[in-house]
Amino acid sequence: MKETYISLNGRITPYEEAKIHVSSVAMKYGASVFEGIRGYWNEEQKELYLFALEQHLKRLLDSMNLMGMEHDYSVDKLIFQVEEIVKANQLKQDCYIRVAASIEADGPLDTRGPVLLNIAAFPQGRKPIQTGIKVSISSWTRLSDNMMPPRIKCVANYQNGRIALLLAKTDGYDNTILLNQNGKVAEAPTAAVFLVKNGVLTTPVVTDGILESITRRFLIEVARELNIPIIERQIDRSECYLADEAFLCGTGAEILPIRSIDHYLIGDGKDGIITQRLKDFYFDVVYGKKPKYSHLLFPIYNSKG
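Residue numbers (numbering that gives the first Met the number 0): 0 to 304.
Below you can see the structure in the form of structure tokens.
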């Protein structure tokens, strides 16, 4: 079994030695932000493509800055470290890269540094789910921007979704959708929400308590490319039950069709036509089969020349 490595502040470190102290501010108070990035291996081209790498790393810097972390990182510095750790792990298959910035010092709540940047890269294939998932509408409310900024990927934010997901799984669902403080649809714990009704694609606006999802933004662009009407607006709970199609999307989730919401069957319970078109287009792009979208892909090996 080959050794696995993690990057710690740019140092290539054996997996077992990658540690942070239990008294760090990150451990005590959740002072940590992160990004998840997908890599897709094109066997024919012998190339690994990282999807939307620059966009993810720009959002990481936004998260670090908003959470008051003192650092001197730039997108270029981060890209170098990501590329280095992917190559160190010799990844030539679909994979997942997690880039996290954490306050590693022991100190009070308002400690701003030093920051420990760790990057893990490991094999991870596509979601194995072939049929739609069962989803609930959670009784837990999505946090709002005047509580904790939901538009960034702060580790602490995910406890909001975690408690909702635990309840959903206990009740026999695969996932759940949270409403915001105004009773409008927000998002799933780790994914954005899309509905289709009468051929029109809808998704909540970014000011309704959602992460500014990179996958969501890309699918909006794809919908326009495919001449699928797309509207960003507030969505009522009951609209979920009456949708012709529904799906979740995100870096980890990719595109997950929804079969039912609170036991209301969505359409005929099968993957909808629009959902499937978006899904097919998405995977063609991330595997490097759509030259028009090559600017969204960061090639690790041969194509870099």
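Note that beta-carbon positions come from the ideal geometry of N, C-alpha and C, so glycine has one too.
- DSSP places Ala30 outside both helix and strand once states are collapsed to three, so it counts as coil.
- Straight through space, the alpha carbons of Pro149 and Asp61 are spaced by roughly 12 Å.
- CA-CA distance, Val199 to Leu49, rounds to 30 Å.
- Taken in chain order, the complete alpha helix (DSSP H) segments of 4 or more residues contained in the region 156-233 are 157-169, 213-224.
- DSSP places Tyr263 in the strand class (E or B) of the three-state scheme.
- In the structure shown, Lys1 falls within a coil segment according to DSSP collapsed to helix, strand and coil.
- Annotation: Ala100 to Lys126 spans about 26 Å, alpha carbon to alpha carbon.
- A Cβ-Cβ contact shorter than 8 Å links Ile132 with Asp173.
- Put simply, the backbone Cα of Phe282 is about 20 Å away from that of Ala120.
- Phe33 is positioned such that its CB atom lies closer than 8 Å to that of Arg97.
- Taking a cut-off of 8 Å for Cβ pairs, the region 228-236 and the region 176-187 touch, as three or more such pairs fall below it.
- With fewer than three CB-CB distances shorter than 8 Å, the region 237-248 does not count as touching the region 219-228.
- Sequence-distant Cβ neighbours of Asp207 in its own chain, meaning closer than 7 Å and more than five residues away, are Asn179, Lys183, Ala185, Gln233.
- Annotation: the continuous alpha helix (DSSP H) that includes Ala87 extends over 74-87.
- Here the C-alpha atom of Glu53 lies approximately 35 Å from the C-alpha atom of Lys269.
- The C-beta distance from Ile11 to Ile84 rounds to 7 Å, short enough to meet the 8 Å contact threshold.
- Thr274 places its beta carbon 8 Å or farther from that of Ile230.
- Under the three-state reduction of DSSP, Pro290 is assigned to helix.
- Straight across, the Cα-Cα distance linking Cys153 with Met68 is about 12 Å.
- Considering only Glu2, Ile176, Ser23, the residue with the shortest C-alpha distance to Glu15 is Glu2.
- Spanning the alpha carbons of Lys288 and Tyr240 requires a straight line of approximately 35 Å.
- The residues Gly35, Thr189, in chain order, have a CB closer than 7 Å to that of Gly251 in the same chain once the five nearest residues on each side in sequence are set aside.
- Minimum Cα-Cα distance from Leu115 among the listed residues Glu211, Leu7, Tyr157, Gln158 corresponds to Leu7.
- Look at Asn8 here: in three-state DSSP terms it is coil, with no helix or strand label.
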